[in-house]
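First the structure, in the form of structure tokens, and then the observations on it.
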Amino acid sequence: MPAITATAPGKIILFGEHAVVYGQPAIAVPVNQVKARAIISPGIGQPRGSIYLQAPDIDLEDNLEDIPQDHPLVIVIKEVLQETGIDQPPAMIIRITSTIPVAAGLGSGAAVSVAIIRALSEYLGVLLSDERVSNLAFEVEKIHHGTPSGIDNSVITYQQPIYFSRGDVPRSPQMEIMRVKKPFTLVIGDSGIPSPTAKTVGDVRKAWQGNKTAYQGLFQQIGRIAENARTAINTGNNDLLGPLMNANQELLEKMGVSSPELARLIHAALEAGAQGAKLSGGGRGGNMIALASPEIAQQIASSLSEAGAVRTIITEVE
Ligand code: PMV
Numbered sequence: 034m035p036a037i038t039a040t041a042p043g044k045i046i047l048f049g050e051h052a053v054v055y056g057q058p059a060i061a062v063p064v065n066q067v068k069a070r071a072i073i074s075p076g077i078g079q080p081r082g083s084i085y086l087q088a089p090d091i092d093l094e095d096n097l098e099d100i101p102q103d104h105p106l107v108i109v110i111k112e113v114l115q116e117t118g119i120d121q122p123p124a125m126i127i128r129i130t131s132t133i134p135v136a137a138g139l140g141s142g143a144a145v146s147v148a149i150i151r152a153l154s155e156y157l158g159v160l161l162s163d164e165r166v167s168n169l170a171f172e173v174e175k176i177h178h179g180t181p182s183g184i185d186n187s188v189i190t191y192q193q194p195i196y197f198s199r200g201d202v203p204r205s206p207q208m209e210i211m212r213v214k215k216p217f218t219l220v221i222g223d224s225g226i227p228s229p230t231a232k233t234v235g236d237v238r239k240a241w242q243g244n245k246t247a248y249q250g251l252f253q254q255i256g257r258i259a260e261n262a263r264t265a266i267n268t269g270n271n272d273l274l275g276p277l278m279n280a281n282q283e284l285l286e287k288m289g290v291s292s293p294e295l296a297r298l299i300h301a302a303l304e305a306g307a308q309g310a311k312l313s314g315g316g317r318g319g320n321m322i323a324l325a326s327p328e329i330a331q332q333i334a335s336s337l338s339e340a341g342a343v344r345t346i347i348t349e350v351e
């Protein structure tokens, strides 16, 4: 049997993080410059059912059965086996690598899950729909995040800009693949500060419980920003996006999920001529994004590096 490879991109949230957990719409786009990759090759000479896992980025290399069974990588593999109804698969080696920074708001956990689900189901000869792939990845997101909205697994599975809301409880996500009328350029700057999403999402939950009226108001204002941004993107009114990003950032600051480092990067991007800038993802650390005209994107990236960004990525949304 030949080796099978599947990849999945990173992602950033353009508008609506945190509020999306409370039912508001949000917009996310894939970031193809970074990728998670799963390669599955036959475990030659090994007995049926044997799965050997190699994840050099996290120093993990062992037989699946010798890894703690609540490890997210073990859970995603077992989920696929259960989904396909194959409990004694041919012996295999699963190698996972990723260039997506961890705990930085770029969706590394969901991308690793999607790459494994795609490669393993193909290796087992079972075709899964995008919806199934996304739902399986969502189950693993619950371990990473606690109460994920489902936006990460969705944008990474479909690999296109999406307008997403989680729907009512029980969860019934509404997702629309967006048609971007006029492409636009984003500069992503990584503060280099790891910030696990579960922690910021948990802190926002506590703050919301302490003052539901105020937080509900912030969530609704962010929801309206996401709605306006969707119209702007669909109609090619890209001039509106910068101010909407700035307004979204102000509300995220009020919510308590920005940080001095993110504020410094956002300020540097705006000073260098970005049309708008905001944190992206869980906040406190991780990444920020700036909207740039293509001619000055490189200049903004340099200003971000000077202001302390450990990595910058220029990406086109189309
Ligand atoms: O840190 P990220 O990009 O994985 O962000 C998660 C976005 C949140 O809205 C904060 C949480 C969620 O599940 O939607």
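If you count by the working numbering, then the sequence shown holds residues 34 to 351, one letter each, in order.
For every residue, glycine included, the Cβ atom is placed at its ideal position computed from N, Cα and C.
The model shown is predicted, which means the values in this text are computed figures rather than measured ones.
Residue range of the beta strand (DSSP E) that includes residue i
i, result
"D223", "217-223"
"N320", "320-325"
"I255", "No beta strand (DSSP E) holds I255; the alpha helix (DSSP H) holding it covers 245-268."
"E349", "344-350"
"S313", "309-313"
Integer-rounded CB distance, given that residue j should sit under 8 angstroms from residue i
i, j, result
"I60", "P194", "7 angstroms"
"I110", "I133", "Going by Cβ atoms, the distance from I110 to I133 rounds to 19 angstroms, so no, they are not a contact pair."
"L312", "S291", "6 angstroms"
"T345", "V145", "Going by Cβ atoms, the distance from T345 to V145 rounds to 23 angstroms, so no, they are not a contact pair."
"V147", "T190", "5 angstroms"
"L277", "I258", "5 angstroms"
"V213", "I266", "6 angstroms"
"G309", "N279", "5 angstroms"
"G225", "V343", "3 angstroms"
"R81", "P123", "6 angstroms"
"Q192", "P63", "5 angstroms"
"A305", "T218", "With a Cβ gap of about 13 angstroms, A305 and T218 do not count as contacting."
"F252", "A52", "4 angstroms"
Residue span of the alpha helix (DSSP H) that contains residue i, given as start and end
i, result
"E50", "That residue, E50, is in no alpha helix (DSSP H); it is neither H nor E in DSSP."
"S336", "330-339"
"L284", "274-288"
"E294", "293-304"
- Message: What ranges does the beta strand (DSSP E) occupy inside the stretch 129-215, keeping only unbroken runs of at least 3 residues that lie completely in it?
- Response: 195-198, 207-210
- Task: Identify every run of the beta strand (DSSP E) within the stretch 59-116, keeping only runs that are complete inside it and at least 3 residues long; order them along the chain.
- Result: 59-75, 84-88, 93-96
- Query: Is it true that the stretch 138-146 meets the stretch 312-320, where meeting means three or more beta-carbon pairs spaced less than 8 angstroms apart?
  - Reply: yes
- Item | Three-pair Cβ contact test at 8 angstroms for the stretch 227-237 versus the stretch 177-196 | yes
- Query: Given 8 angstroms as the limit, is there contact between the stretch 154-162 and the stretch 181-190, that is, 3 or more CB pairs closer than that?
  - Reply: no
- Query: Would you call the stretch 284-303 and the stretch 330-345 touching, i.e. three or more CB-CB distances under 8 angstroms?
  - Reply: yes
- Determine contact between the stretch 49-59 and the stretch 112-126, defined as no fewer than three beta-carbon pairs at a distance below 8 angstroms. no
- Query: Would the stretch 122-132 and the stretch 67-81 be scored as touching if the rule is three or more Cβ pairs under 8 angstroms?
  - Reply: yes
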